[in-house]
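The opening position of the sequence shown corresponds to residue 601 in our numbering, with each subsequent residue numbered one higher. The next block holds one structure in the form of structure tokens; read it before the comments.
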Amino acid sequence: MAFNKSADGARRRPGNGMRRRKKVCAYCFEEGKSIDYKDVASLKKFISERGKILPRRITGTCAKHQRELTVAIKRARHIALMPYVCE
């Protein structure tokens, strides 16, 4: 057959069956940690090498903190603490 199907017709998962661990939001995990647009060093962890904001599935942040991160990065870019694009 062309497809990977078992005898009962269900499709198999490719790979060896190992699951990835779910990423934990760094800001939910540490209660005292906060998102600040002036803290450029911590914001750079959430930026790609091309200067784009990384999505939640890559960074592991929750929806609430991803929105706060996006606003903080955009504020830092607006007042020239961070570049819009990286070269």
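Built from N, CA and C at the ideal position, the CB exists for glycine as well. The structure presented is a predicted model; accordingly, all values stated were derived computationally and were not measured.
Under three-state DSSP, which class holds residue i?
| i | result |
| --- | --- |
| I679 | coil |
| I673 | helix |
| I658 | helix |
| R619 | coil |
To which residues does DSSP link residue i through a beta bridge?
| i | result |
| --- | --- |
| I647 | I653 |
Measure the CB-CB distance between residue i and residue j and report whether it falls below 8 Å.
| i | j | result |
| --- | --- | --- |
| E649 | C625 | no |
| R656 | A663 | yes |
| Y637 | R675 | yes |
| A672 | I647 | no |
Mind checking which residues open and close the alpha helix (DSSP H) that includes residue i?
| i | result |
| --- | --- |
| C628 | 626–629 |
What residues in its chain sit with their C-beta under 7 Å from that of residue i, if we drop five residues either side in the sequence?
| i | result |
| --- | --- |
| K623 | G660 |
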